[in-house]
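Visitor: In our numbering, the protein residues as written are 1 to 227.
Quick one: the structure is below, questions incoming.
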């Protein structure tokens with residue numbers, strides 16, 4: 001049975017990842033809020049990733065960093081602090097987690113790290129300047145750290161399109177907006193958390209044992225296709 005650390009696993013995509021891993025693995029969830037369920041294989045630590053010290057963990061086979069932001073405004077309405085905040089939660093938080101648990105991961109079996117980017121890092125979208133800049137930093141981290149640790153561990157990122165979570169609720173707040181977002185995607189759909197959790201579970205597994213330094217676009221065609 002493997003042990004996985006999930007940062008931010010109480011809600012949204014993180015919650016779906018925790019639930020997908022729980023049946024056959026030990027899962028250590030670290031987040032500000034506790035998951036709304038218990039399981040014999042689940043351990044929870046209350047922690048604010050940016051302000052608190054992370055708990056000590058001796059051994060882990062994988063790390064998933066889920067915290068993120070959706071700060072959609074015109075550039076002229078974004079303050080420098082908005083850019084700093086997005087960079088802190090998306091990049092600095094991930095770096096802090098990796099540095100804290102690198103030794104534990106090296107003690108693991110075929111260790112793997114999964115981070116999160118966004119389709120907006122590849123596809124220019126209005127009002128996405130702050131989040132796209134921060135997530136581009138995540139992608140750079142994946143490439144460079146993946147090369148640095150090529151013989152020791154794997155690191156990859158998932159770049160989802162709109163996903164039906166609380167974080168994206170403003171984008172999906174009524175039927176008209178849901179229809180509009182659905183129509184914008186060539187596959188005429190957007191993502192559910194379980195879709196992304198399936199990809200994360202694959203990247204953590206031995207089935208992805210030869211994959212590192214990659215960013216996987218789960219885009220429902222919006223980046224890849226023009227129809």
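Note that beta-carbon positions come from the ideal geometry of N, C-alpha and C, so glycine has one too.
With residue 217 as the anchor, note down where its beta strand (DSSP E) starts and where it stops.
Guide: In the chain shown, the residue the question calls residue 217 occupies position 217. Where residue 217 is concerned, the enclosing beta strand (DSSP E) stretches over 215-218.
Visitor: Leaving aside the five residues before and after residue 43 along the sequence, list all residues of the same chain whose C-beta is less than 6 Å from its C-beta, in chain order.
Guide: Taking the first residue of the chain shown as 1, we reach residue 43 at position 43. The residues are 28.
Visitor: For residue 202, which residues of its own chain have a beta-carbon under 6 Å away from its beta-carbon, when the five flanking residues on both sides are left out?
Guide: To locate residue 202, count along the chain shown from 1; it is residue 202. Excluding residues within five positions, the ones whose Cβ falls inside 6 Å are 208.
Visitor: Measuring CA to CA, which of 157, 53, 212 is closest to residue 137?
Guide: Sequence index remark: in the chain shown, residue 137 carries index 137 (1-based). The shortest Cα separation from residue 137 among 157, 53, 212 belongs to 157.
Visitor: Does the distance between the C-beta of residue 111 and the nearest non-hydrogen atom of the ligand MN fall short of 7 Å?
Guide: This structure lacks the ligand MN; in fact it carries no ligand of any kind.
Visitor: Got a sec, what are the start and stop residues for the beta strand (DSSP E) residue 137 sits in?
Guide: As a working note, residue 137 is residue 137 in the chain shown. Per DSSP, residue 137 belongs to no beta strand (DSSP E); it is in the alpha helix (DSSP H), 129-148.
Visitor: Less than 8 Å separating the beta-carbons of residue 104 and residue 118?
Guide: Numbered from 1 along the chain shown, position 104 holds the residue referred to as residue 104. Numbered from 1 along the chain shown, position 118 holds the residue referred to as residue 118. Against a cut-off of 8 Å, the Cβ pair of residue 118 and residue 104 comes out as no contact.
Visitor: Please report the straight-line C-alpha distance between residue 170 and residue 141, rounded to a whole angstrom.
Guide: Working through the chain shown from its first residue, we reach residue 170 at position 170. Working through the chain shown from its first residue, we reach residue 141 at position 141. Between residue 170 and residue 141, the C-alpha separation is close to 29 Å.
Visitor: Among the candidates 227, 214, 216, 200, whose CA atom is the shortest distance from the CA of residue 6?
Guide: Translated into the one-based positions of the chain shown, residue 6 becomes position 6. With distances taken between Cα atoms, residue 6 lies closest to 200.
Visitor: Tell me which residue opens and which closes the alpha helix (DSSP H) that residue 229 is part of.
Guide: Since the first and last residues shown for the chain are 1 and 227, residue 229 lies out of range.
Visitor: Evaluate residue 242 with the Cβ neighbour count: other Cβ atoms within 10 Å of its Cβ, from every protein chain shown; 16 or more gives buried, anything less gives exposed.
Guide: The chain is shown from 1 up to 227; residue 242 falls before or after that span and cannot be answered.
Visitor: Out of 148, 95, 109, which has the shortest C-alpha to C-alpha gap to residue 135?
Guide: For this step, residue 135 is matched to residue 135 along the chain shown. Here the closest residue by C-alpha is 95.
Visitor: Helix, strand or coil: which one does DSSP assign to residue 29?
Guide: Translated into positions along the chain shown, residue 29 becomes position 29. Correct three-state label for residue 29: strand.
Visitor: Please classify residue 225 as buried or exposed, where buried requires at least 16 neighbouring CB atoms within 10 angstroms.
Guide: Along the chain shown, read from residue 1 onward, the residue named residue 225 stands at position 225. Exposed, since its Cβ has fewer than 16 Cβ neighbours within 10 Å.
Visitor: So residue 9 packs on residue 66, CB below 8 Å; how close in whole Å?
Guide: Residue mapping note: residue 9 aligns to position 9 of the chain shown, counting from 1. Residue mapping note: residue 66 aligns to position 66 of the chain shown, counting from 1. Yes, residue 9 and residue 66 are in contact; Cβ-Cβ is about 6 Å, under 8 Å.
Visitor: Given that a residue counts as buried once 16 or more other Cβ atoms are within 10 Å of its Cβ, and exposed if not, what is residue 86?
Guide: Here residue 86 refers to the residue found at position 86 when the chain shown is read from its first residue. Its Cβ being crowded by 16 or more others within 10 Å, residue 86 is buried.
Visitor: Starting from residue 234 and walking both ways along the alpha helix (DSSP H), at which residues does that stretch end?
Guide: There is no way to answer for residue 234, as the model of the chain reaches only from 1 to 227.
Visitor: I need the straight-line Cα distance from residue 155 to residue 182, nearest angstrom please.
Guide: Residue numbering aside, residue 155 sits at position 155 when the chain shown is read from its first letter. Residue numbering aside, residue 182 sits at position 182 when the chain shown is read from its first letter. Residue 155 and residue 182: Cα-Cα distance of roughly 31 Å.
Visitor: Hey, how far is the Cα of residue 193 from the Cα of residue 79?
Guide: Stepping through the chain shown from its first residue, residue 193 is reached at position 193. Stepping through the chain shown from its first residue, residue 79 is reached at position 79. Taking the straight line joining both Cα atoms gives about 30 Å.
Visitor: Below 8 Å between beta carbons: does that hold for residue 218 and residue 161?
Guide: Sequence index remark: in the chain shown, residue 218 carries index 218 (1-based). Sequence index remark: in the chain shown, residue 161 carries index 161 (1-based). The answer is yes: Cβ separation under 8 Å.
Visitor: On the DSSP bridge list, what partners appear for residue 59?
Guide: Here residue 59 corresponds to residue number 59 of the chain shown, with the count starting at 1. According to DSSP, which records beta bridges pairwise, residue 59 is partnered with nothing at all.
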